[in-house]
DNA sequence: GCCGCTCTTTGCTAAAACGCAAGGACAGAC
DNA sequence: GTCTGTCCTTGCGTTTTAGCAAAGAGCGGC
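Chains as they are written, first to last, in the working numbering: chain A, 409 to 653; chain B, 409 to 653.
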């Protein structure tokens, strides 16, 4: 009698932080009312300003969350990877999506519309607690980003962005850590609040110093520690601290 | 039989967005477990890095939320006014306060420790929904601020900051809208990601054009519309629209 | 293999923002 | 009143960042 796809979905949901510590009955309930949609590369799950209708969880692919300014400049808020939540605004009382969700590759997501989600929050208090935990972490991250933008120079912010990307999508290869997604200079500029020229110059300089290797939309961190030194603005290490003492 | 102070507190809580749409029984329950503390001017409710123990609601006074960078620079995240929540991180699963809460005048706050609050969230689903709504709004605001910091020049950000402050604490006086709190050039710099010299120059320029009047830690917006034009980067209005209409 | 598109680099110039230094202004203490 | 500490202003030189323009590099389509 058990509904195979529902059970399958429930099992996968259990691995997502938003659905941690729920009973299997609750997981099944959530899985039952989940819906699923596919979006092709370069298409949108939703766009900034659309009526916010559903909370999404990415199942496969990758999504880029962006905001467009009134002057037409774009800002990349974050990248969504499988298991991450996006479009949460809808379920949490915000009327229109504050940002756009664009698939950077063919992607699929589970989603629950706002009314369904509110209903689940009421029936499953632990789910609401999990959601609060998630939003609280998002706030902490955004506050950190505000602090960085307010106090740090461009080079430092770019170093931070690369380190974050390496943590999220880094893949060990022979000569370092590859950022395993196509990432243009323009993308990095939109993540750090600068322009593609400045990013290009910074990356060129790092490449000359052998900290990184770059290609078209491709970056390998060869000496991540050097980027940490830049990101944290630590004193440059001595050339030869060994022989002393 | 009714506990007078508890009832009084409950009535006042009902006006705070976090406690909207609750039954009076629930409000009373929340009021019963509320605690209260006073903090003198220039003292802290808590400091960045402290173990996060309680969600606060400001009752009277004013609180400044700040973050300190490792280099000792300060960033002002926001000002808390009576009825606003702060220290929410604690109740929502964050381990240490990500920012400091400093009283800019003698202040009093109600607070609930994290375990109590979690318990209330479970017993009162509507409370959890309200909290989610609140955190969602905070996220939207922070995203907007990131976008502004990434794409807008200093003058524009300062104009925005003044308009926001006017909306929050503005007081109509004879020649404009007074920002009704002591606000130094340094404060404005820490709110907008610049330094006190740049703020001073910008305010001087605006004062020369009669958009504002300034004094020591005091700013009056005489022509708020001009600041909107700067904040939104609108085309400057015609030179002589006055004589008509 | 060649074409065409997009992405990247870099010299150069200009604009924006920073930050010191020195002097002025204001408010509260005594 | 005068003193003292804090806040504010502004000239000036410096640093940082922006952004055009033009050329180079990489990749997919045909």
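Ideal placement from N, C-alpha and C gives every residue a C-beta, glycine not left out.
Which residues in the same chain as residue i place their Cβ atom closer than 8 angstroms to its Cβ, once the five residues preceding and following it in sequence are excluded?
i                      : result
residue 484 of chain B : 472, 473, 474, 595, 598, 599
residue 464 of chain B : 453, 493, 494, 495, 509, 517, 518, 519
residue 535 of chain B : 426, 427, 430, 434, 438, 528, 529
residue 578 of chain A : 585, 586, 587, 588, 629
residue 591 of chain A : 573, 625, 626, 627
residue 503 of chain A : 459, 460
residue 414 of chain A : 436, 439, 440
residue 621 of chain B : 583, 584, 615, 627, 628, 630
residue 417 of chain A : 439, 442, 518
residue 423 of chain A : 491
Quick one: what's residue i bridged to in DSSP?
i                      : result
residue 453 of chain A : The partner list for residue 453 of chain A (beta bridge, DSSP) is empty, contrary to what the question assumes.
residue 416 of chain B : Answer is none; residue 416 of chain B lacks a bridge partner.
residue 520 of chain B : B:463
residue 472 of chain A : A:487, A:510
residue 579 of chain A : A:586
residue 621 of chain B : B:628
residue 446 of chain A : A:516
residue 504 of chain A : A:459
residue 482 of chain B : B:476
residue 493 of chain B : B:465
From the beta carbon of residue i, is the nearest beta carbon of chain A less than 7 angstroms away?
i                      : result
residue 562 of chain B : no
residue 398 of chain B : Here chain B has residues from 409 to 653 only, and residue 398 of chain B is not among them.
residue 587 of chain B : no
residue 497 of chain B : yes
residue 541 of chain B : yes
residue 607 of chain B : no
residue 590 of chain B : no
Please list, in chain order, all residues of the same chain as residue i whose beta carbon is under 6 angstroms from its beta carbon, the five residues on each side excluded.
i                      : result
residue 653 of chain A : Note that residue 653 of chain A scores 38 on pLDDT, short of 50, meaning its location in the model is unreliable and no value can be drawn from it.
residue 488 of chain B : 466, 471, 494
residue 604 of chain B : 593, 594, 597
residue 482 of chain A : 474, 476, 598
residue 568 of chain A : 639
residue 447 of chain B : 453, 511, 515
Just to confirm my understanding: we take residue i, look at its own chain, exclude 5 residues before and 5 after, and list those with CB closer than 7 angstroms. What are they?
i                      : result
residue 434 of chain B : 532
residue 521 of chain B : 461, 462
residue 566 of chain A : 596, 600, 607, 610
residue 602 of chain B : 562
residue 507 of chain B : 456, 473, 474, 475, 485
residue 564 of chain B : 638, 639, 641
residue 619 of chain A : 630, 631, 634, 635
residue 468 of chain B : 490, 515, 516
Can you name the residues of chain A whose CB is closer than 7 angstroms to the CB of residue i?
i                      : result
residue 659 of chain B : In the structure displayed, chain B extends from 409 to 653; residue 659 of chain B sits before or after that span and is not available.
residue 533 of chain B : 529, 530, 533, 536
Starting from the beta carbon of residue i, find every residue of chain B whose beta carbon is closer than 8 angstroms, and list them in chain order.
i                      : result
residue 551 of chain A : 475, 485, 506, 507, 550
With 7 angstroms as the threshold, decide whether the Cβ of residue i is near any Cβ in chain B.
i                      : result
residue 625 of chain A : no
residue 544 of chain A : yes
residue 547 of chain A : yes
residue 510 of chain A : no
If the cut is a Cβ gap below 9 angstroms, which residues of chain A does residue i touch?
i                      : result
residue 554 of chain B : 475, 483, 485, 550, 553, 554, 557, 601
Using a cut-off of 8 angstroms between C-beta atoms, extract the partners of residue i located in chain A.
i                      : result
residue 501 of chain B : 537, 540, 541, 544, 545
Could you give the uninterrupted runs of the alpha helix (DSSP H) lying entirely in the segment 530 to 573 of chain A, keeping only those of 4 residues or more?
Runs of alpha helix (DSSP H) with 4 or more residues, each lying fully within the segment 530 to 573 of chain A, are found at 533 to 559, listed in chain order.
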